[in-house]
Amino acid sequence: MTDVSRLELDLSPAGHRSVMLVGRGLLAQAGDLVEAEAGRAAGDRIHLVIDRGPNDVVSTHHGAVVEASLRGGGPVSIGLVTATESNKSLATVERGWSDLAEAGVDRRGIVVGIGGGIVCDLAGFVAAGWMRGIGLVLVPTTLLSMVDAGLGGKTGVNRPLPGGGLGKNLVGAFWPARLVLCDTDTLETLGPREYRAGLAECVKHGIIEGEETLAALEADLPGVLGRDPEVLPRFVARSASVKAAVVHRDFREGGERALLNLGHTYAHAIESRTEFGLLHGEAVSIGLIAAATAAASIGLSSPGLADRISRLLARCGLPTRLPGPISEPESLLKALRGAMQLDKKSSGGRLRLVLPAAPGDCRVIEDPDESAVMNGWRAVLGELR
Numbered sequence: 011m012t013d014v015s016r017l018e019l020d021l022s023p024a025g026h027r028s029v030m031l032v033g034r035g036l037l038a039q040a041g042d043l044v045e046a047e048a049g050r051a052a053g054d055r056i057h058l059v060i061d062r063g064p065n066d067v068v069s070t071h072h073g074a075v076v077e078a079s080l081r082g083g084g085p086v087s088i089g090l091v092t093a094t095e096s097n098k099s100l101a102t103v104e105r106g107w108s109d110l111a112e113a114g115v116d117r118r119g120i121v122v123g124i125g126g127g128i129v130c131d132l133a134g135f136v137a138a139g140w141m142r143g144i145g146l147v148l149v150p151t152t153l154l155s156m157v158d159a160g161l162g163g164k165t166g167v168n169r170p171l172p173g174g175g176l177g178k179n180l181v182g183a184f185w186p187a188r189l190v191l192c193d194t195d196t197l198e199t200l201g202p203r204e205y206r207a208g209l210a211e212c213v214k215h216g217i218i219e220g221e222e223t224l225a226a227l228e229a230d231l232p233g234v235l236g237r238d239p240e241v242l243p244r245f246v247a248r249s250a251s252v253k254a255a256v257v258h259r260d261f262r263e264g265g266e267r268a269l270l271n272l273g274h275t276y277a278h279a280i281e282s283r284t285e286f287g288l289l290h291g292e293a294v295s296i297g298l299i300a301a302a303t304a305a306a307s308i309g310l311s312s313p314g315l316a317d318r319i320s321r322l323l324a325r326c327g328l329p330t331r332l333p334g335p336i337s338e339p340e341s342l343l344k345a346l347r348g349a350m351q352l353d354k355k356s357s358g359g360r361l362r363l364v365l366p367a368a369p370g371d372c373r374v375i376e377d378p379d380e381s382a383v384m385n386g387w388r389a390v391l392g393e394l395r
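Below, the structure written as structure tokens:
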């Protein structure tokens, strides 16, 4: 195990303590680390929730390494899940609870989620609901889950929308992991598209934190795109620290934490349209550009900010427009605008958007100008048929 970065959150007033470790070679140390940081005592049962998606290396290698390390401390059971948005559901969570019952996991037990963001969300909700909450450890294996889903305590599943499509994370709970293990060696096994998708959240964190963090991201980008093992731990720790600091100050999203939703109101509307087939990070990329365009439309930022964000996301290999060809753009725009109203941040039927004024200056705008909202959408329309 090489040098390890440590982030510790005291999530008051919830009374939770959460530790994130970022480094190389952490999977093989999982047994010792779960005892030291997550409070596992000898004989405590552990249940693994492991991604068995198209990248089988998560279940066949990463999961196996963690399992072997944990078995020395007590019994370990395993549940495999297929990590898709359609499977991110109450039915999958209920199967997880059935697995816990069958394995005899009691209140001293710990759920360990191994995989990407969907697995982190599912494992978290399974732990939050079992016996009114048991221990949770997350082992994120994607860039996106390391800098976003693995940290912060939000868990949740999707629900069908009345007009069709999926409502993102409409059912869930705040339940932080006691320990988050980010072994950056796992990033070597990601496919190119999935790897790049995680960069959207890193760009978002740079915009929220300020010019210094955004400039550091731009400087590190060649090494990150090349998956330089010496660059990745530093890069992941820096991006995760932005979210950690915000969550530490505002665990239950009473104010500042809403800024972490930059680009996400647009992104969740995009994700509700399953025909696009976009990954979450790809939708966030498009959503960031739409939000920056909307900000310029109301005079909150200069048009140059949207251009800078668009160029940076393009350098990351991320989409900057909705996939085309689009045959009925006005009909699509109406549907996307309607989906925004179902976003969790809306209140009393009024839309709330997080918009960037400048790096380090993002603001929550209540009931934004409708033409500005639609200008954001029109800026990201893809090829028209």
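Start counting the sequence shown at 11; every next residue gets the next number (our numbering). Cβ atoms here follow ideal geometry from the backbone N, Cα and C, with glycine treated the same way. Quick caveat, the model's predicted, so the values are computed rather than measured.
Close Cβ partners of residue i (< 8 Å) along its chain, the five nearest in sequence each way excluded
i, result
"Val44", "Arg50, Ile56, Leu80, Gly83, Ile120, Val122, Val147 and Leu189"
"Thr102", "Val91, Leu132 and Val167"
"Val383", "Ala304, Arg347, Met350, Leu361 and Leu363"
"Ser381", "Ser307"
"Glu77", "Leu58, Val86 and Ile88"
"Trp107", "Val136, Gly139 and Trp140"
Exposed unless 16 or more other CB atoms sit within 10 angstroms - verdict on residue i
i, result
"Arg206", "buried"
"Lys344", "exposed"
"Thr94", "exposed"
"Glu104", "exposed"
"Ala158", "What sits at residue 158 in the sequence shown is Asp, not Ala. Buried is the call here."
"Asp66", "exposed"
"Gly359", "exposed"
"Gly265", "exposed"
"Gly236", "exposed"
"Asp61", "buried"
"Leu191", "buried"
"Gly173", "exposed"
"Pro378", "buried"
"Pro150", "buried"
"Ala247", "buried"
"Gly334", "exposed"
Test item: CB-CB of residue i and residue j under 9 Å
i, j, result
"Ala305", "Leu289", "no"
"Val68", "Gly125", "yes"
"His26", "Gly114", "no"
"Gly177", "Ser282", "yes"
"Leu171", "Leu342", "no"
"Ser249", "Gly216", "yes"
"Ser155", "Gly175", "no"
"Lys254", "Leu17", "At residue 254 the sequence reads Ala, which differs from the Lys that was named. Yes, the Cβ-Cβ distance between Ala254 and Leu17 is below 9 Å."
"Ser15", "Leu21", "no"
Beta-carbon separation (whole angstroms), residue i vs residue j, contact threshold 8 Å
i, j, result
"Leu242", "Leu197", "6 Å"
"Asp193", "Leu36", "4 Å"
"Leu310", "Ala367", "5 Å"
"Met30", "Leu200", "About 19 Å separates the two Cβ atoms, so there is no contact after all."
"Leu227", "Cys372", "Between Cys372 and Leu227 the Cβ distance is about 16 Å, and since that is not below 8 Å, they are no contact."
"Val390", "Leu322", "That belief does not hold up - the Cβ atoms of Val390 and Leu322 are roughly 15 Å apart, past 8 Å."
"Gly291", "Glu211", "6 Å"
"Thr152", "Glu204", "6 Å"
"Leu365", "Ala301", "6 Å"
Sequence-distant residues of its chain with Cβ nearer than 7 Å to residue i (five each side left out)
i, result
"Arg267", "Val256, Val257 and Asp260"
"Gly287", "none"
"Gly53", "Gly84"
"Ser320", "Ile299 and Thr330"
"Gly370", "Glu219, Gly220 and Glu221"
"Gly41", "Ser79, Leu80, Gly82 and Gly83"
"Thr165", "Asp131, Gly134, Phe135, Ala138, Gly182, Ala183 and Trp185"
"Ala2", "With the chain represented from 11 up to 395, any question about residue 2 goes unanswered, as that position is not in the structure."
"Arg117", "Met141 and Ile144"
"Ser99", "Val167 and Asn168"
"Gly63", "Thr92 and Ala93"
"Ala324", "Thr330"
"Asn97", "Val91"
"Pro313", "Ala306"
Sequence-distant residues of its chain with Cβ nearer than 6 Å to residue i (five each side left out)
i, result
"Leu110", "His57 and Trp140"
"Arg388", "none"
"Thr223", "Gly216"
Inspect the CB distances between the region 138 to 158 and the region 48 to 62 and report whether three or more fall short of 8 Å.
yes
Should the region 64 to 78 be called in touch with the region 231 to 239, which here means at least 3 C-beta pairs below 8 Å?
no
Touch test, the region 271 to 282 against the region 295 to 305, Cβ-Cβ under 8 Å, three pairs minimum
yes
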